[in-house]
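Novice: Here the protein sequences line up with chains A and B, keeping their order. If you read the first sequence in the working numbering, its first letter stands for residue 40, the second for the next number, and so on. If you read the second sequence in the working numbering, its first letter stands for residue 16, the second for the next number, and so on. For each residue, glycine too, the CB sits at the ideal point set by N, CA and C. First the structure, which I've put down as structure tokens, then a few questions once you've had a look.
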Amino acid sequence: MIEVSNLSKSYGDIQAVDDVSFTIPDGEFVVVLGESGAGKSTLLRCLNGLTKPTEGSVSINGESVMGPRDDVAMVFQQHYLIEEMSAYNNALTGALGRTNLFDSLTGRYEKDDKYEALRSLRTVGLLDEAGQAVGQMSGGQQQRVGIARALVQQPNLLLADEPVASLDPASAERVMGYIRRAADERGLSTLASLHQVNIAREFGERFLGMKDGEVIFDGYRDDLTVDVIDEIYGSIETDAIRSEAEA
Amino acid sequence: MSTETESETSEVQTADDVDDAFTLIRINKRARQVFGLFALVVFGWLFTLALDQVGFAVSEIVKYWPDFEDALGQFFPPGEVFGIPFVDVGAYWSFIQERNLIMQVETNGAGFMFWDWTVIPGQMFVTLAMGFAGLVLGLPGALILGVLGSERVTPYPFNFIFRGTMSVIRAIPALVWALIYIPLGGVTPFTATLAIGTDTMGNLGRLFTDALEEVEDGPIEAIGSTGANGPQRVIFGMLSQVASPFIAWTMYILEINTRIAVTMGLIGGGGLGYVLQTQRSLFKYTNMMATILVIFVLVISVEIVSQRVRSYIRGTEESQGLIALIVEFPQRMVRSIWQ
Numbered sequence: 040m041i042e043v044s045n046l047s048k049s050y051g052d053i054q055a056v057d058d059v060s061f062t063i064p065d066g067e068f069v070v071v072l073g074e075s076g077a078g079k080s081t082l083l084r085c086l087n088g089l090t091k092p093t094e095g096s097v098s099i100n101g102e103s104v105m106g107p108r109d110d111v112a113m114v115f116q117q118h119y120l121i122e123e124m125s126a127y128n129n130a131l132t133g134a135l136g137r138t139n140l141f142d143s144l145t146g147r148y149e150k151d152d153k154y155e156a157l158r159s160l161r162t163v164g165l166l167d168e169a170g171q172a173v174g175q176m177s178g179g180q181q182q183r184v185g186i187a188r189a190l191v192q193q194p195n196l197l198l199a200d201e202p203v204a205s206l207d208p209a210s211a212e213r214v215m216g217y218i219r220r221a222a223d224e225r226g227l228s229t230l231a232s233l234h235q236v237n238i239a240r241e242f243g244e245r246f247l248g249m250k251d252g253e254v255i256f257d258g259y260r261d262d263l264t265v266d267v268i269d270e271i272y273g274s275i276e277t278d279a280i281r282s283e284a285e286a
Numbered sequence: 016m017s018t019e020t021e022s023e024t025s026e027v028q029t030a031d032d033v034d035d036a037f038t039l040i041r042i043n044k045r046a047r048q049v050f051g052l053f054a055l056v057v058f059g060w061l062f063t064l065a066l067d068q069v070g071f072a073v074s075e076i077v078k079y080w081p082d083f084e085d086a087l088g089q090f091f092p093p094g095e096v097f098g099i100p101f102v103d104v105g106a107y108w109s110f111i112q113e114r115n116l117i118m119q120v121e122t123n124g125a126g127f128m129f130w131d132w133t134v135i136p137g138q139m140f141v142t143l144a145m146g147f148a149g150l151v152l153g154l155p156g157a158l159i160l161g162v163l164g165s166e167r168v169t170p171y172p173f174n175f176i177f178r179g180t181m182s183v184i185r186a187i188p189a190l191v192w193a194l195i196y197i198p199l200g201g202v203t204p205f206t207a208t209l210a211i212g213t214d215t216m217g218n219l220g221r222l223f224t225d226a227l228e229e230v231e232d233g234p235i236e237a238i239g240s241t242g243a244n245g246p247q248r249v250i251f252g253m254l255s256q257v258a259s260p261f262i263a264w265t266m267y268i269l270e271i272n273t274r275i276a277v278t279m280g281l282i283g284g285g286g287l288g289y290v291l292q293t294q295r296s297l298f299k300y301t302n303m304m305a306t307i308l309v310i311f312v313l314v315i316s317v318e319i320v321s322q323r324v325r326s327y328i329r330g331t332e333e334s335q336g337l338i339a340l341i342v343e344f345p346q347r348m349v350r351s352i353w354q
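So, in structure tokens, the structure goes:
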């Protein structure tokens, strides 16, 4: 169970996140919607302790988040992998939190961790590419390696900060599919921020709508009407998105 | 219609503005000219002072030109190659053989054995060994100082402890380090190697620090978010990003070390430089030139290998041509003497 209470974060005069509170029960797949600059990234960064909130707190299973921790995993928009290393070794860095310095340096990870890395790569459909250097992979494949790294952490909470924003529509759908599948298989609570309303509706279970740092919508798929989307993004003219939202 | 009247009126209004702006530009230009003249005078004065300080005199050059011409004749002894007048290559070669500057292959005796061949490495390999051993000895120190000197590893005021150490090492030329180490090992290749190792720490460490300033924040943050500890973040987040530049810079320092190793010989450190120094004091200019040719071959070979490795690591084909390497050789040689 993830509890966010009265969370605020400001950078100087800019209020990035403004008094946000919500709770996520175990295993729920939550999508955060909102324009660029609405505060989605800051919210996620507060959740995994990369950013310290100005006010309020985040707690996971009753334990409050004070800094980066290995039971909260993050998938980044720009994947942030080590391009020189293979997919397998990148996935294994997810186990760094459980491995001491000497063992991680000499590549002597626990056998369980090595298996976990390969299982995670299988989950994202990259088992055959395990030995390939990440720098030579396509954007979609790199993002899937990023997901595998997050899974190797064996987290309680999976965060994804616009994981498909820089991908083409087909890759975006596939990557979201893998995230959803991984979350379902492992019963992971997940919080993903997304731009694309249609993808969000396809994969999301619960939705948080953010605007100017505040959560202005919190509900499930049936509640996500075209009016709500208009409110979150301002008016949208594209037919496809409107009809998708109305459907 | 309306725009036309607007532009007309504005033209009348701005007539004075244009005059003002023109005058301002003219004043600025005059000011720059006056300053330029002043700078030229100061520059000329400093140059005369400097020439005076070193006792520079054209009359000296004129006076000793015949001597130099004589020496040139010995540097390049006249001879024939296939009947065409050329320098006497044989004279060079016999000295290179006699003093074993490159290597000697024999069928018996001491040295490295290959089947029934025996290779006795020559002076060239002494020089190469000084450069290479110095590199390996200095590498751990360079890594430690370079990584800890980065602001992103050690917080701001404290990283200057390590940066400062490297600056002090660099401020003292390798030749001077060798002089400092003489009480430790005498005037030997061993002392020279220690000096080159010290120099490597300062130079290579600085290059490592610079490479680290370029790393991206994203991967460091991503490694941090896995719950990795501080050293793991540095190694997996930062160093893994700069592994190839580090190897490339190390190869570059090997090139520089080889050139420094030549100059080490000039103060008696052994190798090709020492042969050069000995022949100079014996006024054997032909032998000197033979040694210089071997230096040329050695340094160019190390550079070619190093650049091939570096372009291979970068995965690109931007290495220089052989011609460019040879053309730039004198500049690099000169630079390395006081590096």
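Are the C-beta of residue 141 of chain A and some C-beta of chain B separated by less than 7 Å?
Specialist: Translated into positions along the first sequence, residue 141 of chain A becomes position 102. Judged by the 7 Å Cβ criterion, residue 141 of chain A is not in contact with chain B.
Novice: Under 9 Å Cβ-Cβ, which residues of chain B neighbour residue 192 of chain A?
Specialist: As a position in the first sequence, residue 192 of chain A is number 153, starting the count at 1. Neighbours of residue 192 of chain A on chain B, chain order: 240, 241 and 242.
Novice: If you draw a straight line from the alpha carbon of residue 44 of chain B to that of residue 348 of chain B, how long is it in whole angstroms?
Specialist: In the second sequence, the residue the question calls residue 44 of chain B occupies position 29. In the second sequence, the residue the question calls residue 348 of chain B occupies position 333. Rounded to the nearest angstrom, the gap between the Cα atoms of residue 44 of chain B and residue 348 of chain B is 43 Å.
Novice: Counting contacts by CB-CB distance shorter than 7 Å, is residue 170 of chain B in contact with chain A?
Specialist: Mapped onto the second sequence, residue 170 of chain B falls at position 155. Not closer than 7 Å to any Cβ of chain A, the Cβ of residue 170 of chain B fails to qualify, so no.
Novice: Per the DSSP calculation, residue 59 of chain B is bridged to which residue(s)?
Specialist: The residue you call residue 59 of chain B lines up with position 44 of the second sequence. For residue 59 of chain B, which the question treats as bridged, DSSP gives no partner whatsoever.
Novice: On the three-state DSSP scale, how would you describe residue 41 of chain B?
Specialist: On the second sequence, residue 41 of chain B is found 26 positions in, with the first residue counted as 1. Here residue 41 of chain B sits in helix by DSSP.
Novice: Rounded to whole angstroms, what is the Cα-Cα separation between residue 302 of chain B and residue 107 of chain B?
Specialist: One-based indexing of the second sequence puts residue 302 of chain B at position 287. One-based indexing of the second sequence puts residue 107 of chain B at position 92. In a straight line, the C-alpha of residue 302 of chain B is about 6 Å away from that of residue 107 of chain B.
Novice: Quick check: is any heavy atom of the ligand MG less than 6 Å from the C-beta of residue 308 of chain B?
Specialist: With respect to the ligand MG, the structure offers nothing, as it holds no ligand at all.
Novice: Can you tell me where the alpha helix (DSSP H) holding residue 137 of chain A begins and where it ends?
Specialist: Your numbering for residue 137 of chain A matches position 98 in the first sequence. From DSSP, residue 137 of chain A is part of no alpha helix (DSSP H); its letter is neither H nor E.
Novice: By a C-beta neighbour count over all protein chains shown, 10 Å radius and 16 as the cutoff for buried, is residue 176 of chain A buried or exposed?
Specialist: Position 137 of the first sequence holds residue 176 of chain A. Buried, because 16 or more other Cβ atoms sit within 10 Å of the Cβ of residue 176 of chain A.
Novice: Could I get the ranges of all uninterrupted beta strand (DSSP E) runs contained in the region 78–102 of chain B, with 3 residues as the minimum, in chain order?
Specialist: 93–96 and 99–102
Novice: I'd like to know whether the C-beta atoms of residue 253 of chain B and residue 230 of chain B end up nearer to each other than 7 Å.
Specialist: By one-based count along the second sequence, residue 253 of chain B stands at place 238. By one-based count along the second sequence, residue 230 of chain B stands at place 215. Contact: yes.
Novice: Got a sec: is the Cβ-Cβ distance from residue 326 of chain B to anything in chain A below 7 Å?
Specialist: Sequence index remark: in the second sequence, residue 326 of chain B carries index 311 (1-based). False, the Cβ-Cβ gap to chain A never drops below 7 Å.
Novice: Let me check understanding here. Comparing Cα to Cα, which of A/190, A/232 and A/178 lies closest to residue 69 of chain A?
Specialist: Mapped onto the first sequence, residue 69 of chain A falls at position 30. Among A/190, A/232 and A/178, the Cα nearest to that of residue 69 of chain A belongs to A/232.
Novice: Any contact between the region 185–204 of chain B and the region 153–164 of chain B? By contact I mean 3 or more CB pairs, one from each, below 8 Å.
Specialist: no
Novice: Between residue 251 of chain B and residue 186 of chain A, how many whole angstroms is the CB-CB distance? I'm expecting something under 8 Å.
Specialist: Reading the second sequence from its first residue, position 236 is the one you call residue 251 of chain B. Reading the first sequence from its first residue, position 147 is the one you call residue 186 of chain A. No, residue 251 of chain B and residue 186 of chain A are not in contact; Cβ-Cβ is about 18 Å, not under 8 Å.
Novice: Quick one: which chain A residues come within Cβ less than 7 Å of residue 246 of chain B?
Specialist: Taking the first residue of the second sequence as 1, we reach residue 246 of chain B at position 231. Under the 7 Å cutoff, chain A gives 140.
Novice: List in chain order: all unbroken alpha helix (DSSP H) runs of 4+ residues lying wholly within the region 242–278 of chain A.
Specialist: 265–272
Novice: Report the residue from A/174, A/247, A/167 and A/133 whose alpha carbon sits nearest the alpha carbon of residue 234 of chain A.
Specialist: Residue 234 of chain A sits at position 195 when you count from the first residue of the first sequence. In terms of CA proximity to residue 234 of chain A, A/247 leads the group A/174, A/247, A/167 and A/133.
Novice: Who are the Cβ neighbours of residue 207 of chain B in its own chain at under 6 Å, not counting the five residues just before and after it?
Specialist: In the second sequence, residue 207 of chain B corresponds to position 192, counting from 1. 145, 193, 279 and 284, listed in sequence order.
Novice: Measure the CB-CB distance between residue 78 of chain A and residue 106 of chain A and report whether it falls below 7 Å.
Specialist: Translated into the one-based positions of the first sequence, residue 78 of chain A becomes position 39. Translated into the one-based positions of the first sequence, residue 106 of chain A becomes position 67. Result no, Cβ atoms of residue 78 of chain A and residue 106 of chain A do not sit closer than 7 Å.
Novice: For residue 325 of chain B, count the other beta carbons within 10 Å of its own beta carbon; 16 or more makes it buried, fewer makes it exposed. Which is it?
Specialist: Locating residue 325 of chain B in the second sequence gives position 310, counting from the first residue. So residue 325 of chain B ends up on the buried side.
Novice: Please state if the CB of residue 192 of chain A and the CB of residue 243 of chain A are separated by a distance shorter than 7 Å.
Specialist: What you label residue 243 of chain A is simply residue 204 of the first sequence in a count that begins at 1. What you label residue 192 of chain A is simply residue 153 of the first sequence in a count that begins at 1. For residue 243 of chain A and residue 192 of chain A, no; Cβs fall outside 7 Å.
Novice: Counting only Cβ pairs nearer than 7 Å, list the residues of chain B close to residue 117 of chain A.
Specialist: In the first sequence, residue 117 of chain A corresponds to position 78, counting from 1. In chain order: 233.
Novice: Along the chain, where does the beta strand (DSSP E) containing residue 112 of chain A start, and where does it finish?
Specialist: Position 73 of the first sequence holds residue 112 of chain A. Segment 111–114, the beta strand (DSSP E) holding residue 112 of chain A.
Novice: Roughly how far, in whole angstroms, is the beta-carbon of residue 127 of chain A from the beta-carbon of residue 169 of chain A, given that I think they are within contact range, below 8 Å?
Specialist: Walking along the first sequence from the start, residue 127 of chain A turns up at place 88. Walking along the first sequence from the start, residue 169 of chain A turns up at place 130. Rounded, the Cβ-Cβ distance is 4 Å, consistent with contact.
Novice: Any C-beta of chain B within less than 7 Å: which residues of the region 99–111 of chain A qualify?
Specialist: 107, 108 and 109
Novice: If we ignore side chains and look at the alpha-carbon of each, how far apart do residue 33 of chain B and residue 48 of chain B end up?
Specialist: Residue 33 of chain B sits at position 18 when you count from the first residue of the second sequence. Residue 48 of chain B sits at position 33 when you count from the first residue of the second sequence. Rounded to whole angstroms, residue 33 of chain B to residue 48 of chain B spans 23 Å at the Cα level.
Novice: I believe residue 237 of chain B touches residue 259 of chain A by the beta-carbon criterion, under 8 Å. Please report the beta-carbon distance rounded to the nearest angstrom.
Specialist: Within the second sequence, the letter at position 222 stands for residue 237 of chain B. Within the first sequence, the letter at position 220 stands for residue 259 of chain A. So it is not a contact: roughly 31 Å between Cβ atoms.
Novice: Do you know how far the Cα of residue 267 of chain A is from the Cα of residue 173 of chain A?
Specialist: On the first sequence, residue 173 of chain A is found 134 positions in, with the first residue counted as 1. On the first sequence, residue 267 of chain A is found 228 positions in, with the first residue counted as 1. Answer to the nearest angstrom: the Cα atoms are 39 Å apart.
Novice: Any contact between the region 112–119 of chain B and the region 82–100 of chain B? By contact I mean 3 or more CB pairs, one from each, below 8 Å.
Specialist: no
Novice: Any chance you could list the beta strand (DSSP E) runs of at least 3 consecutive residues sitting entirely within the region 124–200 of chain B, in chain order?
Specialist: 127–129 and 132–136
Novice: Measuring only between beta-carbons, confirm whether residue 136 of chain A sits less than 7 Å from chain B.
Specialist: In the first sequence, residue 136 of chain A corresponds to position 97, counting from 1. Chain B, which has a Cβ nearer than 7 Å to the Cβ of residue 136 of chain A, makes this yes.
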